[in-house]
Amino acid sequence: MASSSTASPFCTWLLAACISSPYEKDHPMRSSIFQSPKRLSQWARRKKLISKCSYVGGADFASNLSSSFSVSGIHHLMSSFLAFEPCYDSKVLYESLAFFGSKRSRTRRQRQMNGAVHSGITMAVPVQRAEQGTTKKKPLTKQRQVVVTGLGVVTPLGHDPDVFYNSLLEGVSGISEIGAFDCARFPTKIAGEIKSFSTDGWVSPKLSKKADKFMLYLISAGKKALADGGITEEVMDNLDKRRCGVIIGSALGGMKVFNDAIEALRISYKKMNPFCIPFATTNMGSAILAMDLGWMGPNYSISTACATSNFCILNAAYHIMRGETDMMLCGGSEAAIIPIGLGGFSACKVLSQRNSEPTKASCPWDINRDGFVIGEGAGVLLLEELEHAKKRGANIYAEFLGGSFTCDAYHMTEPHPDGTGVALCIEKALDQSGVCREDVNYINAYAASTPTGDLKEYRAIIRCFGKNPELRVNSTKSMIGHLLGASGAVEAVATIKAIQTGCIHPNINLENPDESVDMNVLVGPKKEKLDIKVAMSNALGFGGHNSSILFAPYK
1 MASSSTASPF
11 CTWLLAACIS
21 SPYEKDHPMR
31 SSIFQSPKRL
41 SQWARRKKLI
51 SKCSYVGGAD
61 FASNLSSSFS
71 VSGIHHLMSS
81 FLAFEPCYDS
91 KVLYESLAFF
101 GSKRSRTRRQ
111 RQMNGAVHSG
121 ITMAVPVQRA
131 EQGTTKKKPL
141 TKQRQVVVTG
151 LGVVTPLGHD
161 PDVFYNSLLE
171 GVSGISEIGA
181 FDCARFPTKI
191 AGEIKSFSTD
201 GWVSPKLSKK
211 ADKFMLYLIS
221 AGKKALADGG
231 ITEEVMDNLD
241 KRRCGVIIGS
251 ALGGMKVFND
261 AIEALRISYK
271 KMNPFCIPFA
281 TTNMGSAILA
291 MDLGWMGPNY
301 SISTACATSN
311 FCILNAAYHI
321 MRGETDMMLC
331 GGSEAAIIPI
341 GLGGFSACKV
351 LSQRNSEPTK
361 ASCPWDINRD
371 GFVIGEGAGV
381 LLLEELEHAK
391 KRGANIYAEF
401 LGGSFTCDAY
411 HMTEPHPDGT
421 GVALCIEKAL
431 DQSGVCREDV
441 NYINAYAAST
451 PTGDLKEYRA
461 IIRCFGKNPE
471 LRVNSTKSMI
481 GHLLGASGAV
491 EAVATIKAIQ
501 TGCIHPNINL
511 ENPDESVDMN
521 VLVGPKKEKL
531 DIKVAMSNAL
541 GFGGHNSSIL
551 FAPYK
């Protein structure tokens, strides 16, 4: 340290810590941070004396201090902090002892001092450790570029990214009457339901019979993303699997498996599926997928309601940016179109009841919107470090620029009236990614077709981007409904396909726009060509969770 004024605060703390260690050992009742008024008064007097210390220089302080207080606690302190320069004269040090402990304590310290002097060994080890600690510094990790090299989907509009996105471009709706069970007792009878799905070639027959649909969707979409990314068996064999991970989440997890277990419990616990607990948890899909692949890197799930996928994608990218991994599968999966799922959301009064016109029920920003339409499926991205992708000759769809997440801290199900949480999230995403707001010319909005949520997000977007004449905004939910925890990943796939194709899909059912929205910003009923500079995808969720992620063409 350059001066005593700089060194003194630290040295004051060090002196107090060194002396208090043996004192507290002799007086355990006085070791609490909640001291009596008398104790505080004594400490105030000690501080006054200690503040008189001056810089004396040299390394003698370390030796004097350790030899005077050679107890176990001091060895640890000295080994950690000897790199700092001394600031206490030995004379001041011993004058200070009058305020610390009893006469018996001071005599014990003197005995310890004499023992340390005669041994000649006590200080050798900590001094050596301190010197070694100052020479070894971990170099800073340079942030690495992240690219998207594979896409996988399971949706109401198809289970191939190209089929899925072509349907979106044509304005095809995947919403229909629910056929999986009798909906007569529910006010809502429509959903973005997957009518046909096969696990052949993706999931083992044994697992297919036992696992929840959310897990089957997840594993299938994950392996499809690998296949789309050119990860053949040969490529897989050459990967460093310690540097490959999986972060695919779900908002509700295995609801069907858990519900069936409850029904079985009415008879006996012996009738329950022995896998009902692990198959119901949101993390097990990622875990089983990693087991199939042998990927030993980061593996977990995040559950932030309908913002789940974006949280997973952003965290997966962070692992790559920090140099921890080279490749990550990330996204979300959901399968909540079952009686308990439909009943629960109906009880919340958040679902559309436009049962007579299923294909028109999901209508973001339209004046007739009356709630969201529940959907199901999965979306998975294969993220990869740029140089790793180039080395294996991977096809690069887009570059992942970054993103952010915030919390409204306002209400469990309602968005903040001013949209401040969403606006803050967008601003932070731009800042974290180093993107100028003028460069963002396409946003795949969360817009779920709810009376309040659509406008809150829209106003936040306008607040952040102003009247950018190039900005175009649409909502994938108008055609597939709201896939809950999987929505962000499926919409991220749509965003990336928009970058790849140069075409953005329409907003269907926007026949009577809300008077608060500007149709010069929102995409109309037909697809549009757009040279995307930077694209943003938003996902919001119950609990006030907000998330924004950014993609750009790879050049």
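Quick note on numbering: the UniProt record's numbering labels position 325 of the sequence shown as 325, and the sequence is numbered without any gaps.
Built from N, CA and C at the ideal position, the CB exists for glycine as well.
When DSSP labels each residue in this structure, what does residue i get in the three-state scheme?
i           : result
ARG144      : coil
ALA280      : helix
HIS505      : coil
ARG437      : helix
HIS388      : helix
LYS360      : helix
GLU234      : helix
VAL350      : coil
GLN42       : Note on GLN42: pLDDT 47, under 50, position unreliable in the model; no value is reported.
LEU97       : Because the pLDDT of LEU97 is 38, which lies under 50, any placement of that residue in the model is unreliable, and the number read from its coordinates should be weighed accordingly. Residue state, collapsed to three classes: helix.
ASN315      : helix
SER220      : helix
ASP366      : strand
TYR165      : helix
MET412      : coil
ILE337      : coil
LYS271      : helix
residue 561 : Outside the modelled stretch of the chain, which goes from 1 to 555, sits residue 561, for which no answer is possible.
ALA191      : strand
ARG30       : Its pLDDT being 40, under 50, ARG30 is placed unreliably in this model, and the coordinates cannot settle the point.
GLU528      : strand
GLY152      : strand
ILE320      : helix
VAL523      : coil
VAL493      : helix
ILE302      : coil
ASN444      : strand
PHE372      : strand
ALA307      : helix
LYS555      : coil
LEU383      : strand
GLY377      : strand
SER176      : strand
Measure the beta-carbon distance from residue i to residue j and round it to whole angstroms, keeping in mind my assumption that it falls under 8 angstroms.
i      : j      : result
VAL153 : GLY377 : 7 angstroms
VAL203 : SER220 : 6 angstroms
LEU293 : GLY331 : Between GLY331 and LEU293 the Cβ distance is about 15 angstroms, and since that is not below 8 angstroms, they are no contact.
ASP408 : GLY544 : 3 angstroms
HIS550 : GLY402 : A quick correction: the sequence has Leu, not His, at residue 550. Indeed, because the Cβ distance is near 6 angstroms, the residues count as touching under 8 angstroms.
ALA398 : ILE496 : 5 angstroms
ALA317 : VAL146 : 5 angstroms
SER173 : THR359 : 4 angstroms
PRO415 : GLY453 : 5 angstroms
SER208 : VAL246 : Contact flag wrong, Cβ pair sits at about 19 angstroms.
PHE275 : MET215 : Rounded, the Cβ-Cβ distance is 10 angstroms, inconsistent with contact.
ILE480 : LEU218 : Rounded, the Cβ-Cβ distance is 17 angstroms, inconsistent with contact.
LYS256 : ASP212 : 5 angstroms
VAL422 : ILE190 : The pair is not a contact, with the Cβ atoms about 28 angstroms apart (cut-off 8 angstroms).
What are the start and end residues of the alpha helix (DSSP H) that includes residue i?
i      : result
LYS464 : Residue identity check: residue 464 is Cys in the sequence provided, not Lys. Unbroken alpha helix (DSSP H) run through CYS464: 453 to 465.
CYS425 : 420 to 433
MET255 : 255 to 265
LEU207 : 205 to 210
MET479 : 477 to 480
The beta strand (DSSP E) spanning residue i covers which residue range?
i      : result
HIS545 : 545 to 552
LEU471 : Segment: none, LEU471 is in no beta strand (DSSP E) and carries neither H nor E.
LEU401 : 398 to 407
MET328 : 327 to 334
ILE248 : 244 to 249
SER537 : 534 to 541
Report task. Examine the Cβ distances between the segment 242 to 254 and the segment 479 to 491 and report whether three or more of them are shorter than 8 angstroms. Result -> yes
At least 3 beta-carbon pairs within less than 8 angstroms: the segment 489 to 501 vs the segment 177 to 189 | no
Next item on the list: Say whether the segment 448 to 467 touches the segment 511 to 525, bearing in mind that this needs 3 or more beta-carbon pairs closer than 8 angstroms, one atom from each stretch.
Entry: yes
- Do the segment 432 to 442 and the segment 340 to 353 meet, that is, are 3 or more Cβ pairs less than 8 angstroms apart? no
*Contact the segment 469 to 477 vs the segment 440 to 456: 3+ CB pairs below 8 angstroms*: yes
Q: Take every Cβ of the segment 214 to 229, pair it with every Cβ of the segment 263 to 274, and state whether three or more of those distances are shorter than 8 angstroms.
A: no
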